[in-house]
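**Q** Start counting the sequence shown at 1088; every next residue gets the next number (the working numbering). Idealized CB from N, CA, C, for every residue including glycine. In this text the structure is predicted, and so the values were computed from the model without any measurement.
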Amino acid sequence: MTDFLVKRFVKDYEKTDDIKVREKYGMLSSVTGIVCNILLFVIKYLVGFLTSSIAIISDAFNNLSDSASCIITMIGYKAAAKPSDKDHPFGHGRVEYLTSLVISFIILLVGFELLRNSFLKLFDPEELKFTWGAVLSLVASIGVKLWMSVFNRKLGTKINSSVMLATSEDSRNDVVSTLAALIGLISTLFTKLPVDAVMGILVSLFIIKGGYGIVKETVDHLIGKPADPALVKKINDMLMEKEKIIGVHDLIVHDYGPGNMLASCHAEVSSKENIVIIHELIDACERDIFDELGIIMTIHTDPVDVDNEQVNELRSRMNVTVKSIDERMSIHDFRITSGEYDINMIFDVVVPFDVKLTNDEIKKKIDSVFEGDGVKYHTVITFDRTYIE
């Protein structure tokens, strides 16, 4: 069904990095959600009213809020598809993240309201009126919401949309809340205890937990997350397959919303290479990355002296030294300058964020390794933090 709807309503559906195609995916998800949720609201509200079930009525209004979320999502996709302008030169792609944030707040609001109503019903329960029609309606609702969860997860995974993945999570929450309402209704056949209210409390806590998870994920995107390791590997592989590039470091990826990324890195080349040829090579690499990954890439070249035996030996020793401090640490831009009485070793050290040692402590550990060589070494170290996982 999902593939049929995509092929029927999304033109050029395979071009998922295209802003206009993403907008069409968003419209498909939103319209489907509006239709299904309004239908479920009407059915559940009538069933809840006829059976006096607070869990079912709360679940009905949860579906109504989902319809509002779908309308917000539709507006969000429209806004995200707007082209760059003088006030927003990096586009409007992050509107998707803001839309996810709004949806997550709606989910939290519904969860806390359901929690409040369920506690009230726990101490002032109403007698539920069991009917098989109500049971069938809730079972059908569970089926619809299961399909909507799978539908939005497939779309969200296909186009890497945090909004659709949040909507899928919300639909999954609805499945649990409707199942709880169904259990509460069936329990009236066996007990007079306020099972309906207890199930409402459990469901509300589940919904609140899901909403918090979406908030955290979305805020992480807005603040800035490390680049996807698979994307980092792809960029590295594309550069390292070039014969004249001997190393890549300082890779930074800036995410301005799905399908709108900028990146930069340093590429190491032999200092003996022709600068014009290297310039043409780097230009070609930037074009290749944009054509294949849709990323606007800026590459800085670092000349490396690869034929100096002393430099190569000291670079190798230094690399082993920093690895002995922490296996994840690495060096780059290593070079030396020889004075009358000492040798300056100038280089950068990449240190993961969770390494507890201070920069001074790391420098002292490095210096101690080279103290007994009979040569006075002086280290000039620039400490970098990694921007990738």
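#1: Taking only beta-carbon atoms, is M1348 less than 8 Å away from chain C?
#2: Count the other CB atoms, across all protein chains shown, that sit within 10 Å of the CB of H1428; report buried if there are 16 or more and exposed otherwise.
#3: I want to check one thing, is the minimum distance from the CB of M1161 to the heavy atoms of the ligand ATP below 7 Å?
#4: Does the beta-carbon distance from M1405 to I1418 come in below 8 Å?
#5: Tell me whether I1190 is buried or exposed, calling it buried when 16 or more other Cβ atoms sit within 10 Å of its Cβ.
#6: Taking 8 Å as the cut-off, does the region 1435–1450 touch the region 1458–1475 (at least 3 CB pairs, one atom from each stretch)?
#7: According to the neighbour-count rule (16 or more other Cβ atoms, all chains shown, within 10 Å of its Cβ), is V1306 buried or exposed?
#8: Closest to A1253 by C-alpha separation, out of E1200, V1093, L1195, G1459, would be which residue?
#9: In terms of alpha-carbon separation, which member of L1092, E1101, L1133 lies closest to L1115?
#10: Buried or exposed: where does N1361 fall if 16 or more other Cβ atoms within 10 Å of its Cβ makes it buried?
#11: For the beta strand (DSSP E) that G1334 lies in, which residues bound it at each end?
#12: Would you tell me roughly how many angstroms separate the C-alpha atoms of H1465 and D1454, rounded to the nearest one?
#13: Hey, could you find the ends of the beta strand (DSSP E) M1384 is sitting in?
#14: So, are the CB atoms of C1352 and V1335 less than 8 Å apart?
#15: Is I1288 near G1198, with beta carbons less than 8 Å apart?
#16: Taking the straight line between their C-alpha atoms, what separation do you get for G1163 and V1442?
#17: Just how far apart, CA to CA, sit L1401 and H1175?
#18: Answer yes if the region 1369–1384 comes into contact with the region 1318–1328, meaning at least three C-beta pairs across the two stretches below 8 Å, and no otherwise.
#19: Look at the alpha carbon of G1300 and the alpha carbon of F1192, and state the distance between them as a whole number of angstroms.
#20: Look up I1045 in the DSSP assignment and give the residues it is bridged to.
#21: Name the one or two DSSP bridge partners that S1417 has.
**A** A quick look at the data gives this:
#1: Protein chain content of the structure displayed is limited to a single chain, and chain C is not contained in it.
#2: Residue 1428 is actually Tyr in this sequence, not His. Under this definition Y1428 is an exposed residue.
#3: Absent from the structure shown: the ligand ATP. Ligands present: none.
#4: Contact flag set, yes.
#5: buried
#6: In this structure the region 1458–1475 touches the region 1435–1450; the number of beta carbon pairs closer than 8 Å is three or more.
#7: Answer is exposed; the Cβ neighbour count stays below 16.
#8: L1195
#9: L1092
#10: exposed
#11: Run containing G1334: 1332–1342, per the beta strand (DSSP E) assignment.
#12: 8 Å
#13: Note, M1384: beta strand (DSSP E), 1382–1391.
#14: Yes, these two residues count as a Cβ contact at 8 Å.
#15: no
#16: 40 Å
#17: 47 Å
#18: yes
#19: 11 Å
#20: In the structure displayed, the chain extends from 1088 to 1476; residue 1045 sits before or after that span and is not available.
#21: V1437
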